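Presented below is the structure to which this report refers.
Written out as structure tokens, the structure reads:
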């Protein structure tokens, strides 16, 4: 009796994921099984900038005097860490809660933090080293791909995690105790019991397989391109295939062929052993060539599966009606961008459409009329190659590629840094215009600058990249680049 200690569980959840209900289930299940238990919560900042943690203790001795529980978890004391979002498991590791006797249970579906969303370019956390560190530090890691496990059912992540906690065998609870707790709570009973069983079985079979990047898998190119791609080094196949698949979806096969033609001219100049320059250009060229004009935005807004993704994020099942409204604020440049340059006069120079402003539109995408309007816009891909924005973007792309080629003849590192300057061609309206103006200014008299002082050019390129990343919402000129 003297050697007994409580079994300690820490649950980390974001707003809306049902962490409080999960804590209630654990307490009720322990009570039903006859064990003293207690749960406390420490609120964090709501909806992703922080998380609420729930601390649960169960004393593994029935019919004992009232044990004394603690209110907060202690480092080195936790038997289970359960995270409803994977980076919250990483946060627990950072705080020292995960040790060599801790079992970690985590969902794999990401909810991106504010810091990740604010970054210029890809600011998302690399999950692979984080998961490797958690697995190395813990006694056992159980990963749960909720979408794959639950399929089309209405099961919620908190019920699946509850099943995995009980299924891990660390708590002296069984399925009967857990099902009683779910019924007693009375929240979506059938769906939550189903979710509990899914998590319970998953824990007993080791959880989901390790996915290196479940949110961003490489797309396969059409069969026609696979032979062409395999003429390049192996380490370029995935990124090139993904770029081709993206551009075929964006426009058509001939557009993807244009991408390969441009890339081949860079590959011929790439002297690096790992072909880093070609890889960098392959990523950035595909992204730039798929610039988000009005047609592309409409295509993305009517993409198959978008509504299901929104329902998942809101924790709303398919039987619950939702009203979806998309907000747009296009300026004159966006309107004339999809027209041939010779027809730009058709869009009047109204003050409301002037640079830096725009026409506020609220389109009910969830309605037949709103969805139909966007679907018609998305079908206008056939006119894109004749549009004003297409001509301007490809003129800018040519200037950028020529600058990379000129730099590659002098220094491979400078060429790679020059490739990264494509980040300035980002966003919409004023930000994009200012960024491309900054590129034109930097590339003006480029070859002479390289001949005179390539080191000075490298310093200028590095400075430009630092300023471009410093403020993702401002154009470079407002970052005092000039």
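Residue numbers (the working numbering): -10 to 471. Backbone N, C-alpha and C fix where the C-beta goes; we use that ideal spot for every residue, glycine too. Just so it is clear, the structure is predicted and the values come from calculations on it, not from any experiment.
First through last residue of the alpha helix (DSSP H) which encompasses residue i
i	result
residue 150	146 to 156
residue 360	357 to 367
residue 432	418 to 432
residue 185	178 to 193
residue 171	164 to 174
Residue i (DSSP reduced to helix, strand or coil)
i	result
residue 248	helix
residue 324	helix
residue 411	helix
residue 214	helix
residue 30	strand
residue 371	helix
residue 384	helix
residue 41	strand
residue 390	helix
residue 47	strand
residue 57	coil
residue 224	helix
residue 309	coil
residue 5	coil
residue 25	coil
residue 442	coil
residue 13	helix
residue 451	helix
residue 376	coil
residue 230	helix
residue 197	coil
residue -10	Residue placement at residue -10 is poorly supported in this model, since its pLDDT is 48, which falls under 50; the coordinates still yield a value, given next. Residue -10 falls in the coil class under three-state DSSP.
residue 402	helix
residue 456	helix
residue 160	coil
residue 35	Here residue 35 scores only 48 on pLDDT, less than 50, and its place in the model is too uncertain to base an answer on.
residue 436	helix
residue 208	coil
Extent of the continuous beta strand (DSSP E) to which residue i belongs
i	result
residue 351	350 to 352
residue -4	-4 to 2
residue 316	315 to 317
Same chain, Cβ closer than 6 Å to residue i, five either side skipped, listed in chain order
i	result
residue 249	none
residue 432	388, 392
residue 255	267, 270
residue 422	none
residue 235	275, 279
residue 329	375
residue 29	44, 60
residue 79	119
residue 204	Low per-residue confidence applies at residue 204: pLDDT is 47, beneath 50, and the placement is therefore not dependable, though the value from the model is reported in the following sentence. Closer than 6 Å at Cβ, skipping near neighbours: 99.
Beta-carbon proximity list for residue i, same chain, < 7 Å, skipping 5 on both sides
i	result
residue -3	46, 62, 66, 67, 68
residue 81	-1, 1, 70, 72, 87
residue 291	360, 363, 364, 367
residue 222	264
residue 24	47, 48, 49, 51, 161
residue 98	135, 136
residue 128	89, 90, 91, 92
residue 6	73, 146, 147
residue 310	none
CB contact below 9 Å: residue i versus chain D
i	result
residue 257	In summary, chain D is missing from the structure at hand, where a single protein chain is found.
Same chain, Cβ closer than 8 Å to residue i, five either side skipped, listed in chain order
i	result
residue 153	71, 94, 131, 133, 188, 189, 191, 192, 196
residue 207	227, 228, 230, 231
residue 105	112, 113, 114
residue 76	99, 102, 114, 116, 119
residue 373	240, 282, 284, 327, 379
residue 163	22, 155
At which residue ranges does the region 59 to 142 contain complete beta strand (DSSP E) runs of 3 or more residues, listed in the order of the chain?
With a minimum length of 3 residues, the continuous beta strand (DSSP E) runs that stay inside the region 59 to 142 are 69 to 72, 92 to 96, 129 to 133.
At least three beta-carbon pairs within less than 8 Å, the region 253 to 260 to the region 396 to 405:
Counting C-beta pairs closer than 8 Å gives three or more between the region 253 to 260 and the region 396 to 405, which meets the contact rule.
Below 8 Å, can you find three or more Cβ-Cβ pairs linking the region 166 to 182 to the region 14 to 34?
Short answer: they touch.
Whole beta strand (DSSP E) runs in the region 233 to 307 with 3 or more residues, listed along the chain?
Qualifying beta strand (DSSP E) stretches: none in this window.
Looking at C-beta atoms only, is the number of pairs between the region 229 to 248 and the region 268 to 288 that lie closer than 8 Å three or more?
Touching, per the Cβ criterion.
Any 3 or more C-beta pairs closer than 8 Å across the region 346 to 357 and the region 308 to 323:
Put simply, the region 346 to 357 touches the region 308 to 323. At least three CB pairs are less than 8 Å apart.
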